[in-house]
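A.B. asks:
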Amino acid sequence: MGRATTIPFGPQHAAFLEPLNVTLTLEEEKVVGAVLNQGYNHRGMEHALSLDYRKSQYISERVCGICSFHHSTAYCQGLESIYGIDVPERGRLIRTIMMECQRLTSHLLALGHIAESVGYENLFMQCFRERELVMTLVNRISGNRVHYSMNVAGGVKRDISPEGLKDIQATMSRLRPRLRELHRVFSRDRTLSKRTKGIGVLSNQAAREWGNVGPVSRASGIPRDIRQDGFAAYSMVKFSPIVREEGDCYARMMVRMDECLQSMDIIEQCLPLIKDGPVAIQMKGHPKGEAYSRVEAPRGELVYFIRANGKTALERIKLRTPALMNVASLLAMLPGCQLADVPTITVSVDPCICCTDR
Amino acid sequence: MNEAGPKIERNACLEVRKRTKEMVEAGARMIAIVALEREDGSIELIYSFDRQPGIVDFRFQILPEWEVDSVADIFTGALTLEREVVDLFGLKYKGIPPGLFLEAGKSPVAPLRRRPAPAKGGDEDG
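Protein chains in written order, with my numbering: chain X, 5 to 362; chain V, 10 to 135.
What follows is the structure, given as structure tokens:
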């Protein structure tokens, strides 16, 4: 057994898109201990969001650039719950379509990132090429690539025209064979399998203890998907959570890949359900009361708690982001792995540090 | 919403372990610890759980100088949630160190607590 060595992994590291530090204790190439240091991106978003509820629907999108629409949906749903109003069906369907488009962009980013972490540069570029189809689609629909700015408390402020609906259908038709090809590569490539199968295993028990959510928990056999609760228009479409049992990097990767195909199914189910009608209703007065709001963001369950006391400033707004729970569970995945696998394991939880630190 | 909030009770700091254990044994998953400062300066703590089909919580109110029992040995994921409350509200949890987001000596202390009102005629920004 070699002498224990401690090395910093991050906060600036080629494997990370955002700053996160993992202090690793190694015996030769084997990781025997890990300590997480985070907070490099802490921006005090909960304070900013509480200052004026009318502006917070825009600020909430700025918590994260990858699941921005999910943040604003969770925020708007919370306010709608306090006001006790139901968003019109057309507005809920548009929200659902946009959320699934964003899940596609997020998962394709995560998949590309995993491919890059094992040195598979051309697969990384292929993921980003297909992702660009969805990015340009949401740009045509909303006018924006990242912060769609479509949500308002009460519905959405931008309708989708009949041409826009045809555009979505055409894009899905173009995307489907491309994603099937990506699925074939991710599931069958031997190099990718060797670098991900049996690596960074998170057992079902550990996932329950750490409170993991989203694709990370579903890859460890926990069949929980908040979309099943039926928020937005999810009660109007048919789908089942994608669950795997292995709990390793491969399972986390394949859950996301399967969920990309599922997102397209959900979008295509929503399109014929859209009927003429309003997309939003107006709310009057300042909110008073409290509410929990949850959505299934690409990384898992995103929780907002809002307490309002009838003034423009909110008494409290609390965000529990999925990445906060998933990043912490790296401490259960890293010990025992090889140093060369640390980038793949950390990337396989899709660590969004903007969400984690807020 | 309970405007009066729960009563300020010292026992609550210890009771939290019992209540959390009951929830976890019933199959619930802790999803958040919400802390908020009330008008009288006391802190309301809300422990929220996912117990299908919805969210259930228990809540209690404490004085900011009291030490709360950690539940991280009952539900491992609570460690991060407790550390967040320690940093942002300056509460003390038994055996839980600060420093999840903030850096001792460099970052603002308990940034989500209300600042004391400035003296009359004084300049808030100094």
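Note that beta-carbon positions come from the ideal geometry of N, C-alpha and C, so glycine has one too.
As the structure is a computational prediction, the values presented were derived from the model and not from experiment.
#1: Measure from the C-beta of residue 134 of chain V to each C-beta in chain X and report whether the shortest distance is under 7 Å.
#2: Between the Cα of residue 346 of chain X and those of X:204, X:129, X:238 and X:250, spot the shortest distance and give me the residue it belongs to.
#3: Leaving out five residues before and five after residue 37 of chain V in sequence, what residues of the same chain have Cβ atoms less than 6 Å from its Cβ?
#4: What whole-angstrom Cβ distance do residue 329 of chain X and residue 247 of chain X have, given they're in contact under 8 Å?
#5: Should residue 11 of chain X be labelled buried (16 or more other beta-carbon atoms within 10 Å of its own) or exposed?
#6: Could you check where the alpha helix (DSSP H) with residue 24 of chain V kicks off and where it finishes?
#7: According to DSSP, is residue 134 of chain V helix, strand or coil?
#8: Give the DSSP-derived three-state secondary structure of residue 10 of chain V in the structure shown.
#9: Does the CB of residue 64 of chain V have a neighbour CB from chain X at under 7 Å?
#10: Residue 78 of chain X lies in the alpha helix (DSSP H); which residues open and close that run?
#11: In chain V, which residues lie with their C-beta within 8 Å of the C-beta of residue 42 of chain X?
#12: Taking Cβ positions, are residue 237 of chain X and residue 71 of chain X nearer each other than 7 Å?
#13: Which stretch, first to last residue, makes up the alpha helix (DSSP H) that contains residue 235 of chain X?
#14: May I have the straight-line CA-CA distance separating residue 337 of chain X from residue 156 of chain X, to the nearest angstrom?
#15: For residue 274 of chain X and residue 100 of chain X, which I take to be in contact (beta-carbon distance under 8 Å), what is that distance rounded to the nearest angstrom?
#16: Would you mind giving the Cβ-Cβ distance between residue 348 of chain X and residue 200 of chain X, rounded to the nearest angstrom? I have them listed as a contact below 8 Å.
#17: Quick one: is residue 257 of chain X buried, meaning 16 or more other Cβ sit within 10 Å of its Cβ, or exposed?
#18: Return the chain-ordered list of same chain residues with a C-beta closer than 6 Å to the C-beta of residue 129 of chain X, the five sequence neighbours on each side being excluded.
#19: How would you list, in chain order, the residues of chain V whose beta-carbon sits under 8 Å from the beta-carbon of residue 309 of chain X?
#20: Taking residue 69 of chain V as part of the beta strand (DSSP E), name the residues at either end of that continuous run.
#21: Going by beta carbon distance, what residues of the same chain come within less than 6 Å of residue 293 of chain X, once the five residues before and after it are set aside?
#22: For residue 171 of chain X, I'd like the list of residues in its chain whose CB is within less than 8 Å of its CB, leaving aside the five on either flank, ordered along the chain.
#23: Do residue 137 of chain X and residue 321 of chain X have their beta-carbon atoms positioned less than 7 Å apart in this structure?
#24: Please work out which residues of its chain come closer than 8 Å, Cβ to Cβ, to residue 46 of chain X, disregarding the five sequence neighbours upstream and downstream, and give them in chain order.
#25: Smallest Cα separation from residue 231 of chain X: which of X:163, X:241 and X:125?
#26: Around the C-beta of residue 63 of chain V, are 16 or more other C-beta atoms found within 10 angstroms, so that it is buried, or is it exposed?
#27: Of the residues X:305, X:283 and X:358, which one's Cα is nearest the Cα of residue 154 of chain X?
#28: So with CB distances below 7 Å, who are the chain X contacts of residue 121 of chain V?
#29: Does residue 91 of chain V pass the burial test, meaning 16 or more other C-beta atoms within 10 Å, or should it be called exposed?
#30: List, from N- to C-terminal side, the beta strand (DSSP E) runs of 3 residues or more that fit wholly inside the segment 260-322 of chain X.
#31: DSSP three-state label for residue 4 of chain X, please.
#32: By how many angstroms is the C-alpha of residue 158 of chain X removed from the C-alpha of residue 286 of chain X?
#33: When you compare only the Cα positions, how much space is there between residue 220 of chain X and residue 43 of chain V?
#34: Classify residue 333 of chain X: buried if its beta carbon has 16 or more other beta carbons within 10 angstroms, exposed otherwise.
#35: Answer yes or no: does any C-beta atom of chain X fall closer than 7 Å to that of residue 38 of chain V?
#36: List, in chain order, every chain X residue whose beta-carbon is nearer than 8 Å to that of residue 84 of chain V.
C.D. replies: Reading from the atomic positions:
#1: With a pLDDT of only 44 at residue 134 of chain V, under the threshold of 50, the placement of this residue in the model should not be trusted; the figure read from the coordinates follows. Chain X contact via Cβ: absent.
#2: Among X:204, X:129, X:238 and X:250, the Cα nearest to that of residue 346 of chain X belongs to X:204.
#3: Result list for residue 37 of chain V: 58 and 60, in chain order.
#4: Rounded, the Cβ-Cβ distance is 18 Å, inconsistent with contact.
#5: Exposed, by the Cβ-count rule.
#6: Segment 21-34, the alpha helix (DSSP H) holding residue 24 of chain V.
#7: The predicted position of residue 134 of chain V is uncertain, since its pLDDT is 44 and thus under 50; no value can be drawn from it.
#8: Note that residue 10 of chain V scores 48 on pLDDT, short of 50, meaning its location in the model is unreliable; the coordinates nonetheless yield the value given after this. Residue state, collapsed to three classes: coil.
#9: The beta carbon of residue 64 of chain V falls within 7 Å of a beta carbon belonging to chain X, placing the residue at that interface.
#10: Counting along the chain, the unbroken alpha helix (DSSP H) around residue 78 of chain X starts and ends at 72-87.
#11: Those within 8 Å of residue 42 of chain X in chain V are 109 and 110.
#12: No.
#13: Run containing residue 235 of chain X: none; DSSP gives neither H nor E here.
#14: Distance between the alpha carbons of residue 337 of chain X and residue 156 of chain X: 39 Å.
#15: Yes, they are in contact, since the Cβ atoms of residue 274 of chain X and residue 100 of chain X sit about 5 Å apart, within 8 Å.
#16: About 6 Å separates the two Cβ atoms, so the contact holds.
#17: Buried is the label assigned to residue 257 of chain X, since at least 16 other Cβ atoms lie within 10 Å of its Cβ.
#18: Residues of the same chain with a CB within less than 6 Å of the CB of residue 129 of chain X, apart from the 5 flanking positions on each side, do not exist.
#19: Simply 41, 43, 55 and 57.
#20: Looking at the DSSP string, the run of the beta strand (DSSP E) that includes residue 69 of chain V is 63-71.
#21: 86.
#22: Cβ neighbours of residue 171 of chain X beyond the five flanking positions: 141, 144 and 145.
#23: Result no, Cβ atoms of residue 321 of chain X and residue 137 of chain X do not sit closer than 7 Å.
#24: Excluding sequence neighbours, residue 46 of chain X sits near 361 and 362.
#25: Nearest C-alpha to residue 231 of chain X: X:241.
#26: The residue in question, residue 63 of chain V, is exposed, as its Cβ has fewer than 16 Cβ neighbours within 10 Å.
#27: X:283 is the residue among X:305, X:283 and X:358 whose C-alpha sits nearest the C-alpha of residue 154 of chain X.
#28: Below the 7 Å Cβ cutoff, chain X contributes 50 and 51 as neighbours of residue 121 of chain V, in chain order.
#29: Of the residues assessed, residue 91 of chain V falls on the buried side of the cut-off, its CB having 16 or more other CB atoms within 10 angstroms.
#30: If only uninterrupted beta strand (DSSP E) runs of at least 3 residues are considered, those enclosed by the segment 260-322 of chain X are 292-301 and 304-313.
#31: Coverage of chain X is limited to positions 5 through 362, which leaves residue 4 of chain X absent and any answer about it impossible.
#32: In this model, residue 286 of chain X and residue 158 of chain X are separated by some 6 Å (Cα to Cα).
#33: A direct Cα-to-Cα measurement between residue 220 of chain X and residue 43 of chain V gives close to 24 Å.
#34: Buried is the call here.
#35: By this cut-off, residue 38 of chain V is an interface position.
#36: 213 and 215, listed in chain order.
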